[in-house]
Amino acid sequence: NAGVTQTPKFRVLKTGQSMTLLCAQDMNHEYMYWYRQDPGMGLRLIHYSVGEGTTAKGEVPDGYNVSRLKKQNFLLGLESAAPSQTSVYFCASSYVPSWTGTTGELFFGEGSRLTVL
Amino acid sequence: KNEVEQSPQNLTAQEGEFITINCSYSVGISALHWLQQHPGGGIVSLFMLSSGKKKHGRLIATINIQEKHSSLHITASHPRDSAVYICALTGGGNKLTFGTGTQLKVEL
């Protein structure tokens, strides 16, 4: 089993360009999440999904869009990249909500490092 | 004041030492996660706990809900334990609140 796979792992964009990060999980998890990790800050939730066809905003959703057309995939899109979106992006999944007590174990991808020039 | 604070921010230990990483928080929670971020960037879940103590191999996590404090202990530390250790809180809506992490380096 691959677990959670993110592509691409590295990307450099120019301001204003668009791109999509793909997250795929093979654990049949209902819940999927996109986080960003910035120096000196904890992981912050961008968007999440509680099942196929659903998406919801997290703490820092502005400038990002997501889609969950298939249960196993969760896509994160940047329509017009800005330097403030330079970050490391992590996808995660869980069988139950991560905020559910001691049962919401998170499974993370390896991260995608995005640089916007 | 941040909702969650970890200490120390950086820690260097010698192989074999007993290590303690602390996580203090200021809000009510239902559970606390400990995570490990490898030098290559990948993140794995170590523990989820809401009371008492949990142990897995050389790792022990404790939590005191009344004192709003959790500790992660590593016994007989080894260079392969070098990583960033992150605590995260549940109980604040549909999300976890993550600490900024403790960078641990274990030297031979």
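Those protein sequences? They're chains A and B, same order as listed. Here the working numbering is used: the first residue of the first sequence is 19, the next is one more, and so on. Here the working numbering is used: the first residue of the second sequence is 4, the next is one more, and so on. No residue lacks a Cβ here, since even glycine has one placed at the ideal position from N, Cα and C.
- A residue is called buried once 16 or more other Cβ atoms fall within 10 Å of its Cβ, and R83 (chain B), having fewer, is exposed.
- About 7 Å separates the Cβ atoms of T73 (chain A) and S85 (chain A), confirming a contact at the 8 Å cut-off.
- Against chain B, the beta carbon of V114 (chain A) has no neighbour under 7 Å; the closest one sits roughly 11 Å away.
- Of all C-beta pairs linking the segment 113-125 of chain A to the segment 67-78 of chain B, fewer than three are shorter than 8 Å, placing the two stretches out of contact.
- Along the length of the segment 19-70 of chain A, whole beta strand (DSSP E) runs at least 3 residues long occupy 22-25, 28-31, 37-43, 49-55 and 62-67, reported in chain order.
- Close partners of E48 (chain A) in chain B (Cβ separation under 7 Å) are lacking, with about 14 Å as the shortest Cβ gap.
- Taking a Cβ-Cβ cut-off of 7 Å, the neighbours of F108 (chain A) in chain B comprise I46, given in sequence order.
- H47 (chain A) counts as buried, since no fewer than 16 other beta carbons sit within 10 angstroms of its beta carbon.
- Identification of residues in the segment 94-108 of chain B having a C-beta nearer than 9 Å to some C-beta of chain A yields G94, G95, G96, N97, K98, L99, T100, F101, G102, T103 and G104, given in sequence order.
- Taken atom to atom, the span from the alpha-carbon of L14 (chain B) to that of K88 (chain A) is near 43 Å.
- Comparing alpha-carbon positions, the option among A:P26, A:M50, A:C109 and A:D44 lying closest to P115 (chain A) turns out to be A:M50.
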